[in-house]
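Numbering (the numbering used here), first residue to last: 536 to 808. Where a beta carbon is used, it is the ideal one built from N, C-alpha and C, also for glycine. Take a look at the structure set out below.
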Ligand SMILES: NC(=O)c1ccc[n+]([C@@H]2O[C@H](COP(=O)([O-])OP(=O)(O)OC[C@H]3O[C@@H](n4cnc5c(N)ncnc54)[C@H](OP(=O)(O)O)[C@@H]3O)[C@@H](O)[C@H]2O)c1
């Protein structure tokens with residue numbers, strides 16, 4: 536459920552798992568306007584659904600509409616996964632654990648070398664990622680955002696281990712970062728580039744971008760040229776889908792190279808003008 540939703544690659548992901556596991560079922564796109572969303576969710580079961588995902592602009596509304604929410608969803612104030620449990624509509628937010636699952640898969644042992652994380656952006660995705668990183672035990676998260684007040688508000692939600700810094704102060708903050716994450720939409724196809732010189736980063740810092748169109752963002756390319764280990768945004772998209780599938784269909788799916796290749800081909804496929 537989204538508005539618009541035509542760009543969503545989730546049907547490809549869940550369709551792949553349904554086929555791979557030989558399960559009967561379907562995962563469909565539903566374009567639902569914000570005005571229609573509460574009624575749509577109220578009738579979800581009558582429509583034959585066992586649950587679903589919600590994306591922009593419905594994540595906060597889904598949080599309010601769910602009867603039960605997970606700690607993770609409450610930490611973020613937004614829900615991307617809905618399912619029915621004991622007859623009640625339940626909501627979770629899997630963006631943060633999706634990011635962490637991919638980080639662990641692509642940078643094994645990252646948690647043993649990560650004390651300080653610098654996050655660019657303070658939107659919905661940043662919220663989930665900050666919550667997940669702090670729950671995973673990192674010492675300190677520093678948030679920089681175009682609108683400084685949003686970074687401060689986000690940092691305040693998480694207490695002493697989170698703080699905000701001015702975007703202009705990044706050159707002085709980056710040397711302490713063990714992990715740098717872009718959660719802004721900068722660098723995404725159709726958006727302005729992310730104009731950040733990462734030269735002050737320490738040699739061993741890991742650089743992650745959650746933008747996945749294009750797959751190889753200018754930030755990741757710059758980081759690779761400088762010899763950093765990098766983590767792209769596509770893995771987060773694939774891993775955040777795992778808990779939902781397991782709840783709806785009762786089987787835990789696996790993020791495979793074959794699935795990744797399918798989505799990469801779709802991202803790189805020339806689009807009709
Ligand atoms: N890989 C994945 O699975 C995954 C999951 C979720 C999101 N994403 C991607 O992550 C990005 C953010 O998503 P979101 O849901 O967090 O969006 P959001 O809530 O709208 O937040 C957008 C963030 O980008 C910043 N931003 C936007 N335009 C900017 C500009 N021109 N200059 C500087 N900063 C700018 C915003 O700063 P202000 O606060 O100043 O507006 C805010 O921090 C999107 O590209 C989305 O596709 C990827």
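- Counting only residues whose CB is nearer than 7 Å to a non-hydrogen atom of ligand 1, the list in chain order is 591, 630, 633, 656, 657, 658, 659, 660, 661, 680, 681, 682, 685, 718, 719, 720, 721, 723, 726, 727, 745, 746, 747, 768, 769, 771, 772 and 775.
- The alpha-carbon of residue 571 is positioned some 16 Å away from that of residue 601.
- By the criterion of a C-beta distance shorter than 7 Å, residue 758 is surrounded in its chain by 733, 742 and 765, once the five residues flanking it on both sides are discounted.
- If you look at residue 627, you'll find it in the beta strand (DSSP E) that goes 623-627.
- When the five nearest sequence neighbours on each side are left out, the beta carbons in the same chain lying within less than 7 Å of the beta carbon of residue 598 are those of 604, 608, 612, 613, 614 and 626, in order along the chain.
- Per DSSP, the beta-bridge partners of residue 619 are 624.
- Residue 654 is positioned such that its CB atom lies no closer than 8 Å to that of residue 631.
- The continuous alpha helix (DSSP H) containing residue 609 extends over residues 606-611.
- In this model, residue 744 and residue 755 are separated by some 7 Å (Cα to Cα).
- Burial is judged here by how many other beta carbons sit within 10 angstroms of a residue's own beta carbon; residue 695 has fewer than 16 and is exposed.
- Judged by DSSP in its simplified three-state form, residue 802 adopts helix.
- The Cβ atoms of residue 677 and residue 668 do not sit closer than 8 Å to each other.
- Two segments are said to touch when three or more pairs of C-beta atoms, one from each, lie closer than 8 Å; by this definition the region 681-691 does not touch the region 784-796.
- With respect to residue 737, residue 706 sits apart: the two C-beta atoms are not nearer than 8 Å.
- Annotated three-state conformation of residue 740 is coil, per DSSP.
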